[in-house]
Amino acid sequence: MANNEDIFKKIISHAKEYGFVFPSSDIYDGLSAVYDYGEYGVELKNNIKNYWWRAMVQNHENIVGLDSAIFMHPTIWKASGHVDAFSDPMIDNRDSKKRYRADVLVEDYVAKIEEKINKEVEKAKKRFGDAFNEAQFRATNPRVLEHQAKMDEANTRLNNCLNENDLAGVKKLIEDLEIVCPVSGSRNWTEVRQFNLMFSTQLGSLSEETNTIYLRPETAQGIFVNFLNVQKSGRMKVPFGIAQIGKAFRNEIVARQFIFRMREFEQMEMQFFVRPGTELEWFEKWKAERLQWHLSLGTAPENFRFHPHDKLAHYANAACDIEFKFPIGFKELEGIHSRTDFDLTAHQKYSGRKIQYFDPELNESYIPYVIETSIGLDRTFLAILSNAYTEEVLEDGSERVVLKIPPVLAPIKATVLPLIKKDGLPEKAREIMDVLKVDFMCQYDEKDAIGRRYRRQDAIGTPYCITVDHQTLQDNTVTIRERDSMLQERVPIDSLTEIIRKKISI
Ligand code: GAP
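Each residue of the sequence shown is one higher than the one before, counting from 983 in the numbering used here.
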């Protein structure tokens, strides 16, 4: 059986072959950690955005949308803390000349030990069979306990160093753990330095007074600086939220994981403004609601887990990730943060404008506290794609690759196929296509044998194939083939719109 790394490689090559994701600037050998979305990728991406927008904005009367500009006043990034603190600790290996995130080197070391523990558990499971008590084994097995102690020590030392900005301590930790460069195999490391992740550029022509501005590293600040505008124009009452989808840019040091970590990516963020003192209650509510959103797409619950942050960002009083089991392991998909009144207070200070909300029920003014839900669109895309990618051996021994994408997100909802390219079947199929394409993204395909055409649709995740045959000309019925079960049913042409609509409804 293929291991996870092989599966990940297969998903990446499938994504390219079938027009989901291409490396950016491909004919120039690509641009590191930047990707383009192809003809099916853009559909899937738009459908994910739409699914999120409908859940967050359409289904919440107290959440409204926003589309703020990528370029913003540079002082915003001073106020938000990004100019001074949005950096990662980096380290170079002198032999391979490769650059790494120092904290990720330690995290990878910890992940390897965790893998060892999991192997011990698997072995014991096989040995003891039904009588196996996993919790007890983890709590008492000497080898597991030894590994666990090593992990805990590395994690604690790393968190202490990061909290105290002790970069020499991070270097010492890497040395003590005897971590080697994965490329050169050597331990010839430089000092650890902070590396700011924001891209900067100049506003205005060079002859004028130049001004350094930043490509936004998160969409959230566009929401904060529009808090007063939206609250007033929308007559919003606390608690309320502002949601936004848009590009963000980070000069990531480690950028080798396909669309998991990109330098240009998209976020879907929502800031929820609440009364001070109620934020932790809302934090728990949003954690539950966001997990439910992920589960509503039909992905098995064991693929998700909460990961509370040990090290809180400078603006947070509680934070938690929703992690997804990617082929590269459990990794952050979404962050839920209780950001206190940090951002609004900072913007009030730096802008000199009063940013307060008058609460008519309490008859007092205050700066609202904020719960943020922040999810990467590209990571969600990768989660959906990797969960959908399935290799199957069929009853007749043939193989198929099928993307079991939830129908509501599938790039193409239905494909209309004349069984053969003559006898008036293409004309009839075109008639059906012309009706369906008004409501759904559809395709028409008459090239190659019907079996090959089904395989092509399986590979891009089309939930329905509608086949027009000779009987269609007599009684206006077609066969409709369901992607996952491959079962075919004969239905009247008139019922197609309703069948597809039902299947793709939220
Ligand atoms: N406003 C809060 C914020 O930006 P974050 O945890 O840095 O928080 C939120 O980012 C989400 O954005 C992450 O959970 C992840 O899904 C996505 N994300 C962050 N950096 C990314 C990158 N380099 N490439 C792709 N997605 C990224």
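Built from N, CA and C at the ideal position, the CB exists for glycine as well.
DSSP places ASN1178 in the strand class (E or B) of the three-state scheme. Scanning its chain for C-beta atoms nearer than 8 Å, with the 5 sequence neighbours on each side dropped, one finds around ASN1193 the residues PRO1056, GLN1184, LEU1185 and GLY1186, in chain order. Excluding the 5 residues flanking it on each side, LEU1391 has same chain C-beta neighbours closer than 8 Å at LEU1026, ASN1029, ILE1030, TYR1033, LEU1279 and ILE1366, in chain order. Inclusion of PHE1177 and ILE1235 in the CB contact set at 7 Å is warranted, their separation being smaller than that value. Per DSSP, GLN1330 is one residue of the alpha helix (DSSP H) stretching across 1324-1333. Annotation for VAL1039: ILE1045, VAL1046, GLY1047 and ALA1225 place their beta carbon closer than 7 Å to its own, counting only its chain and skipping 5 residues before and after. If you look at THR1479, you'll find it in the alpha helix (DSSP H) that goes 1478-1486.
In terms of Cα proximity to ASN1137, the closest of ALA1093, VAL1165 and VAL1174 is ALA1093. Residue environment for GLN1213: buried (at least 16 other C-beta atoms within 10 angstroms of its C-beta). Placement of the Cβ of GLY1358 at a distance of less than 6 Å from at least one heavy atom of ligand 1 is found. Looking from the CA of PHE1254, the closest CA among PRO1350, VAL1450 and PHE1324 belongs to PRO1350.
Relative to the Cα of ASN1299, the nearest Cα in the group LYS1269, ARG1272, ALA1270 and PHE1265 belongs to PHE1265. In the DSSP assignment, PHE1308 is bridged to GLY1311. Under the three-state reduction of DSSP, GLN1338 is assigned to coil, being neither helix nor strand. LEU1376 carries a coil assignment under DSSP once its states are collapsed to helix, strand and coil. With a threshold of 16 other beta carbon atoms within 10 Å, ARG1232 meets it and is buried. Under the DSSP assignment, TYR1297 falls outside any beta strand (DSSP E); it carries neither an H nor an E label. As the crow flies, the alpha-carbon of ARG1109 is around 30 Å from that of VAL1375.
Between ligand 1 and ARG1232, a heavy atom-to-CB distance of less than 6 Å is present.
Relative to the non-hydrogen atoms of ligand 1, the Cβ of ARG1238 never comes closer than 6 Å to any of them. DSSP, reduced to helix, strand and coil, places ALA1106 within a helical segment of the structure shown.
Assignment of ALA1301 by DSSP, reduced to helix, strand and coil, places it in the strand class. Boundaries around THR1122 are those of the alpha helix (DSSP H), 1116-1122, since no beta strand (DSSP E) includes it. Counting other Cβ atoms within 10 Å of its Cβ, LEU1469 stays below 16 and is therefore classed as exposed.
The C-beta distance from LYS1386 to THR1372 rounds to 6 Å, short enough to fall under 8 Å. For ASP1421, the uninterrupted alpha helix (DSSP H) run begins and ends at 1407-1421, by DSSP. Distance from the Cα of PHE1286 is smallest, within the candidate group GLN1118, GLU1200, LEU1273 and ASP1292, for LEU1273. Judged by beta-carbon spacing, LYS1293 lies beyond the 7 Å limit of LEU1159, meaning their Cβ atoms are not closer than that value.
Restricted to the stretch 1195-1266, the beta strand (DSSP E) segments that are unbroken, complete and at least 3 residues in length are 1222-1231 and 1246-1256, listed in chain order.
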